[in-house]
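Worksheet: the structure to be examined is printed underneath.
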Amino acid sequence: MFTEVKKNSQIFQDSNHLLPKSELEVSNIIKEAYKKKLPIDIHGANTKKFIGYNVQAAKSLDLSSLNGIIEYLPEELYIKVKPGTLLEDVETALEKNNQELSFEPTDFGYIKNGKSNKGTVGGCVACNFAGSRRFKSGSVRDFVLGFRGVNGKGDIIKSGGTVVKNVTGYDLSKLVSGSFGTLVALTEITLKISAKKPSQNTIVIYENDPKVISELFQKILSSSNEISGAVFIPDEPQNKKFDLNKSKAFKFNDLDQEGSFFALRVEGDKNSIKERIKDISNELDLKKHKTSNLDPHQSPLFWKSVNSLQLFSETKNNLLRVVVPPANCEKVMNNIKNKFKYFIDWSGSLFWIEVPGKDDDKLKEVKKMILQNNGYLTIIKKSEEFDFSEKIFTIDDTKLMISKKIKESFDPKGIFNPGKMYKDF
Amino acid sequence: MSEIALPKVDRSIVSKKETIVSNLKKFTLKENVLSELDEIKPYETDALAAYKNLPLAVVLPENTEEVSEILKYCHQENIKVIPRGAGTGLSGGALPLNDAIILGLGKFNKILDIDFENKCVVTQPGVTNLSITHAVKHKGYYYAPDPSSQLACSIGGNVAENSGGVHSLKYGTTTNNILGVEMVMMDGTICRLGGKTLDQEGYDLLGLICGSEGLLGVITEVTVKILKNPQTVKAALIGFPTIEDGGNCVTDIISNGIVPAGMEIMDKALIDATEKFVHAGYPMDAEVLMIVELDGTKSEVDELFKQIKEIAEKNKSNSFKLSKSEKERLGFWSGRKAAFPACGAMAPDYYCMDGTIPRGKLSVILKEISRLSKKYNLGVANGFHAGDGNLHPLILFDGSDKEQLRRTEEFGAEILKACVRMGGALSGEHGIGIEKRELMCEAFNDIDIQQQLNIKKCLDEKNLLNPGKVYPILRKCAEEGRVHVHRGEEKFPDLPRF
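Listed in order, the protein sequences are those of chains A and B. Note that the numbering used here numbers the first sequence so that position 142 is 142, with each residue one more than the last. In the numbering used here, each residue carries its 1-based index in the second sequence increased by 1000.
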């Protein structure tokens, strides 16, 4: 033990890029940093590094070597992995047993450099961004059953477990999800997994009117047909880059991508899909609309395109992730239409909006409008001209005060990703 | 009455009772402050009736501002506060302290906003779980978490305990079904966490508060998600000749990608007890009985039951009965829901445990319980939310025999320790409260617990809000951890408990 500590202490002094291979090494490195009060930039595959403020840290703690599936029990519906495990590897392992991560992790690779890269499980949990199935299945945080990690003092801590029902102390799994590595360096994560539905179809509805779109979203939320995806991809504003991305991302035999379109996904066995589509056709009065159907081959690829944000591939502008109560969808749509490139997911709740770089006033204007609509917004990608006095995460003063205290309880010297989420800590 | 260590009583607070009571009356109507023995006696315990203790006083504020003023005052004066909802909790989370006031949320009993467009209901915390569903059912909606006490338990209490129910496997527990809360911190600060949007940004404080057993803040408003009723709901009763066969069938159903809305297992002792009690028509030749419920479209439900029947037959099931009507489906559940009173009729006392285990360990834990039953020479009946791994063994004993009581306590603690050893948890849905407090060190080490205490400290620096609950006082693994019911003295005897 003593030599181990010494060795790690040596690693700590020799290099600024720390690549621990075990939980104990992580703990020893952090103990050393705590002692010296040295800020550390904690990260995995760096696929989402552009989210949040830049971290000024002397040392970078790279968790990507801490990888691998520790335990996968398909019949118990959980998988326990090390944080640096690639999401892709997890999904491949699950696929073999017809299982999946039903929160559909967002792929930020296209935003970064035009290529798919989902990054690591640790990064996914640290950011808590769920894809199209969110409104039906839950967010990343709903699937984190437990974790092990190292706090800012170097102590190894754990919370939760492998079971879905667990009321044993505070639910720290929730707190750690979406904390952007500012509370804990994760060393082990247990995720709840789900059975993959045998088949899926996507109905495309060619519509453009905000009122009609908003009504379609509402009807989907009121349906008992377990619709597991509902998006609107507009054909506006006229913009070459947007059109190009759109035609690349949504190139399917049965999709006419000339204009705007709305799409909904139905999953299940073939008979139940048929039964559901029949019912949905009545609920949504589909006779009135021009529609097409993406078969079980095209449908998964369509949703992959949606969840990898290919519409904003390699964007140089500000990209905003906005969540509003679904009933405010139409108001928000009317506010941004013809002004910005955007699309709507989560059946009317989630907006991805691109705001041009050199225009701080527009950013402020959108922010104000979203807050008026009882929503919140995260500036996911910042343009080169981004004014860093602008808040990246929406937060009110009371919550900021509580968050600061929570941060101190995990990381008393403030050495984990300082300033990543909020300027004060 | 059982004994348990409680935080040291601050005599200086007790001696100031009169001043405190008169000061509390400044913050709310005079009649909302109770201090006479006959007034405060009903608050001496919650549904873990084995433990009783009188509070200094009881205050029943009527709005958030009053709660804030009261907490601010108590914070300044170092007065401990125990928040209380409907008092149906099974782990003693609302047990009073002699130097603490009970802050009852009973007057927060109104639904504030039914928002069908945003698929949510904004409600005060004292509203019962079931009345939320009642308020929206005319339009075909419901609130998913369904703890067995849903008729009486309050939604604020559900948030505090992260209550589950029979349908947690498919629909999650409270934490997965709420969108926001308004909360008052111990120093009187009012804050809003979440709202009508999915998820929240920044630290998931809503997720932290849910299941925090009243230690971090007082919930004064809750926004819950509502869901559309499924098109078809059916249930099947399936009998098995051995525990292994039943356990394997649970595993096989899940392995085949089927997610039942509910999946329950009862052992022979519980089948016999409940059948005698309510005559639900359970197969008496079965060693193990499974109730499986599915929901979805008609063709999907029918197709999946076909598959389940095949899986059950492969696992040597000796009976299979599918509900043909809603009445029959409810009949299937009636026995399961009568588990507590049925056990109450079999022995003078019973202890209800609430551990969770990985589903696949079902037959292992049932065998272990049966071994322990012989070792301690005490009867036990087992009900099990097999879908989500939540086990409720009911240990039968006679509390007037001190020796039996001691054995029961040891028996119960051994079951929970076995759950933790098998990769499960000490509590699935009843919470830790005072009941399983000293067992926390079975699941966590001192460092884990210290981290949790640090969080407590940053939100309640003086440790005044519900002190003595959840975290061990003694720091030793005492033999505790169960619901003790003596000679029908159960609180809320009419509530189904399952």
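Glycine included, C-beta positions come from ideal geometry on N, C-alpha and C.
Given that residue i touches chain B, what residues does it touch there, using C-beta distances under 7 Å?
| i | result |
| --- | --- |
| residue 142 (chain A) | 1172 and 1176 |
| residue 98 (chain A) | 1257 |
| residue 77 (chain A) | 1254 |
For a contact meaning CB atoms closer than 7 Å, what does residue i contact in chain A?
| i | result |
| --- | --- |
| residue 1246 (chain B) | Those within 7 Å of residue 1246 (chain B) in chain A number zero; the least Cβ separation is about 15 Å. |
| residue 1231 (chain B) | 224 |
| residue 1458 (chain B) | 405, 406, 408 and 409 |
| residue 1092 (chain B) | Ordered by position in chain A, no residue passes the 7 Å Cβ test against residue 1092 (chain B), which lies about 13 Å from the chain. |
| residue 1429 (chain B) | 165 and 167 |
Anything in chain B within Cβ reach of residue i, meaning under 9 Å, just list it in chain order.
| i | result |
| --- | --- |
| residue 346 (chain A) | 1198 |
| residue 175 (chain A) | 1203, 1204, 1205, 1207, 1208 and 1455 |
| residue 374 (chain A) | 1195, 1196 and 1197 |
Do we get a CB-CB distance below 9 Å when we pair residue i with the residues of chain B?
| i | result |
| --- | --- |
| residue 293 (chain A) | no |
| residue 423 (chain A) | no |
| residue 409 (chain A) | yes |
| residue 135 (chain A) | yes |
| residue 95 (chain A) | no |
| residue 218 (chain A) | yes |
| residue 413 (chain A) | no |
| residue 420 (chain A) | no |
Looking only at its own chain, which residues have a Cβ that is under 6 Å from the Cβ of residue i, when we skip the five neighbours before and after it?
| i | result |
| --- | --- |
| residue 1102 (chain B) | 1043, 1055, 1058, 1082, 1084 and 1096 |
| residue 268 (chain A) | 197 |
| residue 408 (chain A) | none |
| residue 1198 (chain B) | none |
| residue 161 (chain A) | 146 |
Taking Cβ-Cβ distances shorter than 8 Å, what residues in chain A pair up with residue i?
| i | result |
| --- | --- |
| residue 1228 (chain B) | 222, 223 and 224 |
| residue 1423 (chain B) | 161, 162 and 163 |
| residue 1119 (chain B) | 221, 222 and 326 |
| residue 1426 (chain B) | 168 |
| residue 1211 (chain B) | 167, 170 and 171 |
If you follow the alpha helix (DSSP H) that residue i is part of, which residue opens it and which one closes it?
| i | result |
| --- | --- |
| residue 1358 (chain B) | Segment: none, residue 1358 (chain B) is in no alpha helix (DSSP H) and carries neither H nor E. |
| residue 1233 (chain B) | Residue 1233 (chain B) -> not in any alpha helix (DSSP H); beta strand (DSSP E) instead, spanning 1232–1240. |
| residue 410 (chain A) | 397–410 |
| residue 1333 (chain B) | 1326–1337 |
| residue 1458 (chain B) | 1446–1459 |
| residue 1301 (chain B) | 1298–1314 |
Quick check: is the beta carbon of residue i nearer than 9 Å to any beta carbon in chain A?
| i | result |
| --- | --- |
| residue 1024 (chain B) | no |
| residue 1483 (chain B) | Low confidence applies to residue 1483 (chain B): its pLDDT is 42, below 50, so where it sits in the model is not reliable, and the reading given next is rough at best. It does not; no Cβ of chain A falls within 9 Å. |
| residue 1189 (chain B) | yes |
| residue 1240 (chain B) | no |
| residue 1358 (chain B) | yes |
| residue 1392 (chain B) | no |
| residue 1362 (chain B) | no |
| residue 1251 (chain B) | yes |
Can you list, in chain order, the residues of its chain whose CB lies under 7 Å from that of residue i, leaving out five sequence neighbours each side?
| i | result |
| --- | --- |
| residue 1420 (chain B) | 1426, 1442 and 1443 |
| residue 1424 (chain B) | 1355, 1356, 1357, 1358 and 1389 |
| residue 192 (chain A) | 77, 78, 143, 145 and 164 |
| residue 1309 (chain B) | 1320 |
Would you say residue i touches the ligand GTP, meaning its beta carbon is less than 8 Å from a heavy atom?
| i | result |
| --- | --- |
| residue 384 (chain A) | The ligand GTP is absent from the structure shown, which contains no ligands of any kind. |
If I measure Cβ to Cβ from residue i and keep anything under 8 Å in the same chain, skipping five residues before and after, which residues do I get?
| i | result |
| --- | --- |
| residue 357 (chain A) | 316, 317, 318, 383, 384, 385 and 386 |
| residue 1207 (chain B) | 1175 |
May I ask which residues mark the beginning and end of the beta strand (DSSP E) holding residue i?
| i | result |
| --- | --- |
| residue 200 (chain A) | 199–206 |
| residue 1419 (chain B) | First-last for residue 1419 (chain B): 1402–1421, but that is the alpha helix (DSSP H), not the beta strand (DSSP E). |
| residue 1145 (chain B) | Counting along the chain, residue 1145 (chain B) falls outside any beta strand (DSSP E), and DSSP gives it neither H nor E. |
| residue 1192 (chain B) | 1190–1194 |
| residue 352 (chain A) | 350–355 |
| residue 1319 (chain B) | 1319–1322 |
Residues of chain B with CB under 8 Å from residue i, in chain order?
| i | result |
| --- | --- |
| residue 151 (chain A) | 1451 |
| residue 139 (chain A) | 1198 and 1199 |
Where the stretch 1432–1452 of chain B meets chain A: residues whose CB sits under 9 Å from a CB there: 1432, 1436, 1440, 1443, 1444, 1445, 1447, 1448, 1449, 1450, 1451 and 1452
Taking Cβ-Cβ distances below 7 Å as the criterion, which residues of the stretch 1301–1313 of chain B are in contact with chain A? 1303
In the stretch 315–335 of chain A, which residues sit with their C-beta less than 7 Å from some C-beta in chain B, listed in chain order? 323, 324, 325, 326 and 327
Name, going along the chain, the residues of the stretch 1152–1169 of chain B whose beta-carbon falls closer than 8 Å to a beta-carbon of chain A. 1161, 1162, 1164, 1168 and 1169
Residues within the stretch 377–400 of chain A neighbouring chain B, beta-carbon criterion of under 7 Å: 378, 393, 394, 395, 398 and 399
Under 9 Å, CB to CB, which of the residues in the stretch 51–81 of chain A have a partner in chain B? 73, 74, 75, 76, 77 and 78
Relative to chain B, which residues along the stretch 267–291 of chain A have a C-beta separation below 7 Å, given in chain order? 268, 269, 271, 272, 275 and 276
If you measure beta-carbon to beta-carbon, which residues of the stretch 1383–1408 of chain B are closer than 8 Å to chain A? 1385, 1388, 1389 and 1390
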